[in-house]
Amino acid sequence: MRTSLDCLTCLVRQALEASRFACDDPALHERVARDVLRMAAEFDFAQSPPLLAQRVQRRIRELTGAVDPYAELKLRADRVVLAALPALSAEVGAADDPLAAAVRLAIAGNTIDAGAYGAASVDRMARGLAAAKARPFSGDLEGFRRAVASAREILYLTDNAGETVLDRSLAERLPAGRITFAVRGAAVLNDATREDAARAGLDSLGEVIDNGSDAPGTVLSECSDTFRRRFAAADLVIAKGQGNHETLSEVDRDIFFLFAVKCDVAARHSGRPRGQLAIVRSRAGRTGAAKAHATALRRGESYSGRRSDHRRTGTES
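Numbering (this note's numbering), first residue to last: 1 to 317.
Pasting the structure below:
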């Protein structure tokens, strides 16, 4: 995805916010602002927004000396959502369709995003999750259900701290022993790192790896060789968050993107209304699914690979 002119306001806001988290020096805040505005004049808009955000956040760390300006915010997010998790998990377990409820909760958690909404998204998250869960929802849930049920190796790309706590409810309903979680390779914005994943308890549900990159998305050319091998080996990729959609939507492989559509730029790119909770399958995934469906019909089978008996397949518990 290319960067839009509309992305500039977010990039500059993120820079000011990060500098204020990093220090209390107004003179340094002004220097950061001036530096970022000079950088913006030279931005290559053919690059994705997360790649430009990576450059901006690196410069802020250089100027302020802060390794992780959002560290305290991420800790607060994890604590608040962990406190709310038992009640939220109980709601998911009592739902008529627990997998669907877990998907909706995991995507609602994507609204905990300082990159798109600012630090206020963390401060208001306890009361905002209920509203987020009630947002309009669209996407191929049944296709997701089938893909999960047949996957031998699932790579789950996480997004933000706090959100990773809610990913647990979904991960618990995926096939046990088949999930690997991937986090950022270094701190950037409020994106989750290994420390955040451990605090969220993801390491109790599967292996946790990092992608070797400090971009707030998954820019494969920036990722480690180890991560790229794991990405290629997985037969299903679940990618959380708008940043992962912005960086991977044109990659030629089957990916389910789970995210909240947070701005008009993302709405245009995804074809979904702003504010919606969405499951978006990659073009390669849609093409492959259509071929599998046609083959199954010719063989007189259901799309799940079984003889047609009109039973719903899935992994609910």
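C-beta: ideal position from N, C-alpha, C; glycine also.
Fair warning: this is a prediction, and the values are worked out from it, not measured in the lab.
Proximity to A130 across A106, G185 and E142 peaks at A106, based on C-alpha coordinates. DSSP, reduced to helix, strand and coil, places T180 within a strand of the structure shown. Inter-residue distance for F21 and E142 is about 42 Å (C-alpha atoms, whole angstroms). Taking S224 as the centre and dropping the five residues before and after it, the same chain places the C-beta of G212 closer than 6 Å to its C-beta, in chain order.
Cβ neighbours of M39 within its own chain (closer than 8 Å, five residues either side excluded): R55, V56 and R59. Non-local C-beta neighbours of Q242 in its own chain, meaning closer than 6 Å and more than five positions away in sequence, comprise F259, K262 and A266, ordered along the chain. Collapsing the DSSP output to three states places K262 in coil. Counting every other CB atom within 10 Å of its CB across the protein chains shown gives L155 a total of 16 or more, marking it as buried. Within the same chain, and ignoring the five residues on either side of V165 in sequence, the residues whose Cβ sits closer than 7 Å to its Cβ are D78, V81, L82, L85 and A200. At the C-beta level, P50 and G217 come within 8 Å of one another. The shortest C-alpha to C-alpha distance from C10 to any of T180, A41, R135 and A53 is the one to A53. It is roughly 19 Å from the alpha-carbon of A233 to the alpha-carbon of F144.
Here the alpha carbon of A95 sits roughly 12 Å from the alpha carbon of R104. Between the stretch 131-141 and the stretch 270-287 there are three or more C-beta pairs closer than 8 Å, enough to call the two in contact. Considering only I112, P26, A87 and A100, the residue with the shortest C-alpha distance to A161 is I112. Comparing alpha carbon positions, the residue from S204, S169 and A198 closest to K74 is A198.
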